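Engineer: Okay, here's the structure, questions in a sec.
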Amino acid sequence: MQIIMPKLGLTMTHGTVTEWLKAPGDTIEAEEALCVYETEKVTLELPAPEAGVLTEILVAAGETVAAGTPLCVVETGVRDQGAGGRGQAVVATPKARFEARRLGVDLSRVNGSGPAGRIQAADVRRGEAFAPTPTGATTSRGGASVPAPTGATTSRGGASVPAPTGATTSRGGA
């Protein structure tokens with residue numbers, strides 16, 4: 019996502035970035051200050067709209083630009099606490115995040131094929147084949163039959179009875 023020089027009023031036409039508070043590669047939180055900028059009337063900090071990673075600075079400190087000009091690029095994504103608890107951001111497209119939630123795929127285990135390693139929906143679908151499942155369980159979607167869990171019951175005429183050995187249960191459609 020590109021972060022732009024805000025237009026604070028009808029008469030504001032430009033602003034000057036006076037100082038960058040973050041460097042490319044820094045992890046940022048939502049509402050954390052990225053830079054300090056000034057207009058003809060005021061000096062302010064520019065907050066990040068979402069958590070993510072600052073990937074590129076487009077306007078150098080001391081440079082004056084028109085309101086609406088992109089200042090930097092922030093990649094937003096899911097927070098990954100797996101890397102030693104450091105909280106690195108996993109950079110993924112919104113569609114990839116949606117697919118990961120839908121399919122139960124851990125994004126921290128998916129290699130991204132997009133620009134700068136960004137995870138795309140196709141990467142998530144490829145990663146689904148390798149997604150961990152509970153020990154001994156099988157997963158299936160779209161109405162396919164899967165082995166019934168040990169101790170499962172089936173409903174017959176309103177009463178629950180133990181499922182026969184080797185029985186299957188249907189998920190998703192049938």
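Okay, so the sequence shown: first residue is 19 according to this note's numbering, each after it adds one. From the three backbone atoms N, C-alpha and C, an ideal C-beta is built for every residue, glycine too. Only a predicted model underlies this, so the values are computations on that prediction, with no experimental measurement involved.
Which residues does DSSP list as the beta-bridge partners of Q138?
Structural biologist: None, per the DSSP bridge assignment.
Engineer: I need the straight-line Cα distance from A134 to M23, nearest angstrom please.
Structural biologist: Distance between the alpha carbons of A134 and M23 is about 24 angstroms.
Engineer: Which first and last residues belong to the alpha helix (DSSP H) in which E117 is found?
Structural biologist: Residues 112 to 121.
Engineer: Smallest Cα separation from G95: which of A85, A79, L72?
Structural biologist: The shortest C-alpha separation from G95 is found at L72.
Engineer: In the DSSP output, which residue or residues are listed as bridge partners for G86?
Structural biologist: According to DSSP, which records beta bridges pairwise, G86 is partnered with nothing at all.
Engineer: From the DSSP output, read off the bridge partner residues of P65.
Structural biologist: The partner list for P65 (beta bridge, DSSP) reads A51.
Engineer: Just confirm the distance between the C-beta atoms of V108 and L125, as a whole number of angstroms; I'd bet it's less than 8 angstroms.
Structural biologist: That pair is a contact at about 5 angstroms.
Engineer: Residues bridged to E81 by DSSP?
Structural biologist: The partner list for E81 (beta bridge, DSSP) is empty, contrary to what the question assumes.
Engineer: Do you know how far the Cα of E63 is from the Cα of G70?
Structural biologist: Each residue's alpha carbon lies about 18 angstroms from the other.
Engineer: Name the two residues that bound the continuous beta strand (DSSP E) containing L72.
Structural biologist: Element bounds for L72: 70 to 75.
Engineer: Thinking C-alpha only, which one of A48, T87, V142 is nearest T34?
Structural biologist: Taking only the C-alpha atoms, the option nearest T34 is T87.
Engineer: My output table needs one value for G161: the three-state DSSP class, helix, strand or coil.
Structural biologist: Low per-residue confidence applies at G161: pLDDT is 43, beneath 50, and the placement is therefore not dependable enough to give any value.
Engineer: Can you tell me where the beta strand (DSSP E) holding G132 begins and where it ends?
Structural biologist: That residue, G132, is in no beta strand (DSSP E); it is neither H nor E in DSSP.
Engineer: Out of V123, E117, T111, which one is the CA nearest neighbour of G132?
Structural biologist: It is T111 whose Cα lies nearest to the Cα of G132.
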